[in-house]
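Protein chains in written order, with our numbering: chain A, 1 to 458; chain B, 459 to 819. Glycine is no exception: its CB is placed at the ideal position from the N, C-alpha and C atoms. I have placed the structure first, in the form of structure tokens, so that the comments after it can refer back to it.
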């Protein structure tokens, strides 16, 4: 081989060696970091004003040391693009309003950084969580939008000791079945202020059976954890009440032709179709239902993924019912005393439109809880530093009881369900006035002491 | 005279495996169909009316796949590669058709003169799709004319994303809802005692007319003959005086026009379009083109109809008989399994391939 080839081989070897050296170099300690402050944990310990050692010894999940003048880092992982962007963007606005209201933590500003996109998919949740967990000093995350994205995200955050509070995950498997059994996707560092879909499914079933007098229902979901969880919860509750789920079927996200699935439903002669899915599949089901024999008089019953003005204004959505989180927050005041009515006014002033979905309020409360918890467990150092122990933060959040939120009084159970768990059913009487339809609540129910459904007022 | 020895039967594991698959598939389908039939005999299952509706839905869906598949087949026949951006050509027509339909609805023409309204929308959609198809040929594929077959294929994948996100940038990511169908097009119509939705009838009829028009064009006109000549053997055709560049551009244009028609028909059936509308139909149409025999125009259309039928009727006919729950979620599985099975039984596709001289074995 000639000299040029030898040089080329040598060059390649050098590059490969350099790559190895970079990869195998010393990593920053992942559990006790705050950027360059990583080294201060081994520096000479100073004493706090109380005379104790600072920073204190880290708990099992490690801790974060925030230098004087440095911001407190929290992050958001929401669906800000795609078909459910309206849910994610709405929640990011809730976070921003909460941060504005809460203000600083012991003189440190709170930094939200870049909002990561969870794409309402497991892949998005995992990718966004990887990016966030790699950033130093992140104490907590507000997210995800979709239950499906929460599972891979929590696998990463739990390892890193980062708490995540969701204002819109409702999948039961993320917390518990209210009977004392942890859900299969339960993680200790996870909490939520949204309702658990066991309550929504149960309340929706109670409305269908008791109020509408239905006994035969077909359910359709789209395969993701939220929709299948909710359809399953509805089905179980409905059958316990004495009704019959004649057909339980599903579609794929992205399907456009709904005639086969509607034909499948029609084969069971249902009185109603419960389809707790998202747009545009929900639109297609409503629009194509009229073309399938046997479904002319069927009652269409959707859920919160479909509670949008665009869907309510479809002529085919007339006479349809929709279950979802209860939005009767007027009269509630949040942690800083801000009333919900005022919050909506500020939302409109800041963003130029009325709140586009339900969950901004739950996310506002989630952010308040997180910021309050950070403020409460933070240990102040002698020179203006802050030390936050991750396990202590998590435990404080789990011990939340009677926290005043705009969504109601929040108390966390042992599995992270902190929501007020109030569900309502809206009736779309007149598609030409979608906002009135969304506000037209015909049924309201909540969670009793033993996890059962309690009607609030019909 | 020596008797010809019978060809010795070579026992090959591959052959056995293939035969096992063929027999296994047939058994699976038969058992499924019998299960469904027994359900019908018992009184459960779908009514005859429901089956008829499914078949018609399948034909309507399949007509659209067929129209899009024509573009894939023609380009493959002439240039020998799969133009993955063709799904986006379809989407371009559907999205611009939305603006035309909206304008017509605002002017009242959509409701009062539906045929004129539909015709104008289809013209706008065809024009846009044709333009997009010709542009991508000129900009992305002509420079790669002599390159190995894989290169334009990869370019077409990139072009597909480029078109999707260009449309997203131009028109936003929200769903565009076509105006409500004119009253005359709502409801059902009775044909030979068969009750079908009027929109489905319009879709099937329009697609058939478009296909017939295309077939006439390709078989009866000079330019059509030129297209067939280039598909057969490009070098000899060039020697015969055919302007290869112009005819290839025409092939793309015609394929684009068909996709444009399909775009409006899609919107008639499903009403919502957005920048990603072309993705899945593009893949399904490519499947349909292969199913019917790649390079073969009639094959593309028949493949499209077949795929539509498999998707619609297949899950409920075969899988339901096995007692599998949620069969509608598996309709893509059924559609693509049908592709695999048909290629196992008949590798050149339903109506046989039409490949250029260089490619024939």
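Taking one beta carbon from each stretch, the region 333-341 of chain A and the region 62-77 of chain A have fewer than 3 pairs nearer than 8 Å; the two do not touch. The region 391-408 of chain A and the region 112-129 of chain A do not touch, with fewer than 3 CB-CB distances between them shorter than 8 Å.
Contact of residue 278 of chain A with chain B is not assigned, every C-beta pair being separated by 9 Å or more. Distances from the alpha-carbon of residue 143 of chain A to those of A/115, A/137, A/159, A/403 put A/115 closest.
If the five residues before and after residue 631 of chain B are omitted, its C-beta is found closer than 8 Å to the C-beta atoms of 732, 733, all from its own chain and listed in chain order. By DSSP's assignment, residue 164 of chain A forms a beta bridge with A/141, A/190.
At a cut-off of 9 Å between beta carbons, residue 267 of chain A contacts chain B.
Judged by DSSP in its simplified three-state form, residue 766 of chain B adopts helix. Only buried fits residue 769 of chain B, as 16 or more other CB atoms lie within 10 angstroms of its CB. Between the alpha carbons of residue 304 of chain A and residue 757 of chain B lies a distance of about 45 Å. Within the region 745-757 of chain B, contact with chain A at the beta-carbon level (separation under 8 Å) is assigned to no residue.
Going by DSSP, residue 78 of chain A is part of the beta strand (DSSP E) stretching over 72-78. Among the residues of the region 609-641 of chain B, those with a Cβ less than 9 Å away from any Cβ of chain A are 631, 632, 633, 635, 638, in the order of the chain. Comparing alpha carbon positions, the residue from A/278, A/362, A/75 closest to residue 250 of chain A is A/278. Across the set A/229, A/230, A/147, the C-alpha of A/147 shows the shortest separation from the C-alpha of residue 190 of chain A.
At a cut-off of 4 residues, the continuous stretches assigned as alpha helix (DSSP H) that sit fully inside the region 248-319 of chain A are 259-266, 281-289, 309-312.
Spanning the alpha carbons of residue 704 of chain B and residue 524 of chain B requires a straight line of approximately 25 Å. Chain A has a Cβ within less than 9 Å of the Cβ of residue 508 of chain B. Among the CB atoms of chain B, one or more fall inside 9 Å of the CB of residue 252 of chain A. Going by beta carbons, residue 551 of chain B and residue 541 of chain B fall outside the 9 Å limit. Of the residues A/382, A/410, A/220, the one whose Cα lies closest to the Cα of residue 367 of chain A is A/410. In the three-state DSSP reduction, residue 473 of chain B falls in the helix class (H, G or I). Neighbourhood of residue 503 of chain B in chain A, by CB distance below 7 Å: 267, in chain order. Taking C-beta separations shorter than 8 Å and ignoring five residues to either side along the sequence, the partners of residue 793 of chain B in its chain run 742, 745, 765, 768, 769, 772, following chain order. Between residue 72 of chain A and residue 374 of chain A, the beta carbon gap of about 6 Å places them in contact (Cβ cut-off 8 Å). Contact annotation: residue 802 of chain B and residue 602 of chain B have beta-carbon atoms that are not nearer than 9 Å. Close CB contacts of residue 777 of chain B within its chain, under the 8 Å cut and outside five residues either way in sequence, are with 490, 785, 788, 792 (chain order). Here residue 424 of chain A is buried: its Cβ has 16 or more other Cβ atoms, across all protein chains shown, within 10 Å. Residues of the same chain with a CB within less than 7 Å of the CB of residue 560 of chain B, apart from the 5 flanking positions on each side, are 637 in chain order. Annotation for residue 568 of chain B: the continuous alpha helix (DSSP H) segment containing it runs 567-570. Contact between residue 265 of chain A and residue 299 of chain A does not hold, since the beta-carbon distance rounds to 12 Å and is not under 8 Å. At a cut-off of 9 Å between beta carbons, residue 315 of chain A contacts chain B. Going by C-alpha positions, residue 557 of chain B is about 33 Å away from residue 223 of chain A. Residues of the region 534-563 of chain B with a C-beta atom less than 9 Å from some C-beta of chain A do not occur. Taking the beta carbon of residue 783 of chain B as reference, the chain A residues within 8 Å of it are 248, 249, listed in sequence order. The Cβ-Cβ distance between residue 269 of chain A and residue 292 of chain A does not fall below 9 Å.
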